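**Student:** Residue numbers (our numbering), protein chains in the order written: chain A, 2 to 117; chain B, 35 to 146. Take a look at the following structure, please.
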Amino acid sequence: AQSVTQLGSHVSVSEGALVLLRCNYSSSVPPYLFWYVQYPNQGLQLLLKYTTGATLVKGINGFEAEFKKSETSFHLTKPSAHMSDAAEYFCAVSEVSRTGFQKLVFGTGTRLLVSP
Amino acid sequence: NAGVTQTPKFQVLKTGQSMTLQCAQDMNHEYMSWYRQDPGMGLRLIHYSVGAGITDQGEVPNGYNVSRSTTEDFPLRLLSAAPSQTSVYFCASSGGWSTEAFFGQGTRLTVV
Chain A
2 AQSVTQLGSH VSVSEGALVL LRCNYSSSVP PYLFWYVQYP NQGLQLLLKY
52 TTGATLVKGI NGFEAEFKKS ETSFHLTKPS AHMSDAAEYF CAVSEVSRTG
102 FQKLVFGTGT RLLVSP
Chain B
35 NAGVTQTPKF QVLKTGQSMT LQCAQDMNHE YMSWYRQDPG MGLRLIHYSV
85 GAGITDQGEV PNGYNVSRST TEDFPLRLLS AAPSQTSVYF CASSGGWSTE
135 AFFGQGTRLT VV
């Protein structure tokens with residue numbers, strides 16, 4: 002079974018600083034990887050995804066992530082944090098069930114705190 | 035577009051009561067699923083469906099039932115609520131393999 006590890010339950014940055022949220026996965030097959038963001042009292046929203054092709058993936062709100070197979074990592078970055086980036090971020094890997102369903106296996110989440 | 039709509043947004047139940055969490059989507063998606071979110075544990079899959087009439091268990095199915103009679107609706111039933119089912123529940127839908135999953139706003143359930 003697939004699994005996802007997100008290092009750091011909380012990450013604090015200053016406004017304008019680099020954001021780096023770490024995600025490592027385990028998968029026996031080439032994975033599909035996702036980053037979701039959850040703002041307070043809301044559902045999850047897709048930031049970006051990797052399926053095949055280019056390993057550097059660009060998403061919404063200036064975020065990007067790089068798939069590194071050799072390191073089994075899919076870290077999320079943003080060059081300059083904004084106050085509005087404060088939220089919880091979830092990394093997920095897809096796993097196919099026996100009925101063909103794309104199951105999302107989530108990490109435990111990282112809460113990003115942005116200070117002025 | 036409404037996307038994925040969950041009702042109710044908040045609910046308090048007494049131990050042993052039953053209830054149904056509603057989920058509807060208007061995107062004609064075949065895949066629908068229910069997750070629960072608990073602090074420090076991320077989201078865990080409860081049940082899912084790959085189409086009308088087809089459902090299967092996820093990671094934490096005990097205490098929950100589902101059915102899928104239409105493409106649009108995927109209700110989650112708690113048979114006899116327990117305090118361990120206090121959680122935030124999310125419904126999601128997607129069009130298929132590798133496509134984006136769209137999430138509802140969540141239902142915050144407290145069982146006392």
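Glycine included, C-beta positions come from ideal geometry on N, C-alpha and C. Bear in mind that the values here come from a model prediction, so they are computed numbers and not experimental data.
B:E106 and B:Q59 - do their beta-carbons sit closer together than 8 Å?
**Tutor:** yes
**Student:** Would you say A:S98 reaches chain B, if we count a Cβ-Cβ gap shorter than 8 Å as a contact?
**Tutor:** yes
**Student:** Looking only at its chain, what residues have a beta carbon closer than 6 Å to the beta carbon of A:E89, apart from the 5 residues adjacent to it on each side?
**Tutor:** Q39, G110 and R112
**Student:** Going by DSSP in three states, B:E106 sits in which element: helix, strand or coil?
**Tutor:** B:E106: coil per DSSP, three-state reduction.
**Student:** Suppose contacts are defined by Cβ-Cβ distances below 8 Å. Is B:R78 in contact with B:E93 by that definition?
**Tutor:** yes
**Student:** Using a Cβ cut-off of 8 Å (strictly closer), state whether B:Q56 contacts chain A.
**Tutor:** no
**Student:** How is A:K70 classed by DSSP in three states: helix, strand or coil?
**Tutor:** A:K70 sits in a helix when the DSSP states are folded into three classes.
**Student:** Below 8 Å, how does it come out for the stretch 117-124 of chain B and the stretch 10-30 of chain A: are there three or more Cβ pairs, yes or no?
**Tutor:** no
**Student:** At a Cβ threshold of 8 Å, is A:F70 touching chain B?
**Tutor:** The question names Phe, yet the displayed sequence has Lys at residue 70 of chain A. With 8 Å as the cut-off, A:K70 does not count as an interface residue toward chain B.
**Student:** Against chain A, does B:Y123 count as a neighbour if the rule is that its beta carbon must be under 8 Å from one of theirs?
**Tutor:** It does not: the Cβ of B:Y123 has no partner Cβ on chain A nearer than 8 Å.
**Student:** Under a CB-based cut-off of 8 Å, is A:N3 close to chain B?
**Tutor:** A quick correction: the sequence has Gln, not Asn, at residue 3 of chain A. By this cut-off, A:Q3 is not an interface position.
**Student:** Would the stretch 80-98 of chain A and the stretch 37-55 of chain B be scored as touching if the rule is three or more Cβ pairs under 8 Å?
**Tutor:** no
**Student:** Among B:G37, B:L55 and B:T49, which one has its Cα closest to the Cα of B:T141?
**Tutor:** B:L55
**Student:** Flag A:F91 as yes if its beta-carbon sits less than 8 Å from any beta-carbon of chain B, otherwise no.
**Tutor:** Under the Cβ distance rule, A:F91 counts among the residues neighbouring chain B, one pair being separated by less than 8 Å.
**Student:** So that I know if they touch, is there some Cβ in chain B lying closer than 8 Å to that of A:T109?
**Tutor:** Cβ-Cβ to chain B under 8 Å: yes for A:T109.
**Student:** How would you write the range of the beta strand (DSSP E) that B:Q59 sits in, first residue to last?
**Tutor:** M53 to Q59
**Student:** So, is the C-beta of B:Y82 closer than 8 Å to a C-beta in chain A?
**Tutor:** yes
**Student:** Roughly how many angstroms lie between the CA atoms of A:F68 and A:T6, to the nearest whole one?
**Tutor:** 15 Å
**Student:** Output needed in chain order: residues of the stretch 90-110 of chain B with a Cβ under 8 Å from some Cβ in chain A.
**Tutor:** D90 and G92
**Student:** Going by C-alpha distance, which of A:D86, A:S98, A:T100 and A:L47 is nearest A:S15?
**Tutor:** A:D86
**Student:** Using the three-state DSSP reduction, which class does A:S28 fall into: helix, strand or coil?
**Tutor:** In the structure shown, A:S28 falls within a coil segment according to DSSP collapsed to helix, strand and coil.
**Student:** Which value, in whole angstroms, describes the spacing of the CA atoms of B:P63 and A:V12?
**Tutor:** Residue identity check: residue 63 of chain B is His in the sequence provided, not Pro. Roughly 35 Å separates the two Cα atoms.
**Student:** Comparing alpha-carbon positions, which option in B:S127, B:P117, B:G97 and B:Q51 lies nearest B:S67?
**Tutor:** B:S127
**Student:** Which bits of chain B does A:K59 rub up against, with CB to CB less than 9 Å?
**Tutor:** Close to A:K59, with beta-carbon spacing below 9 Å, lies no residue of chain B; the smallest spacing is near 15 Å.
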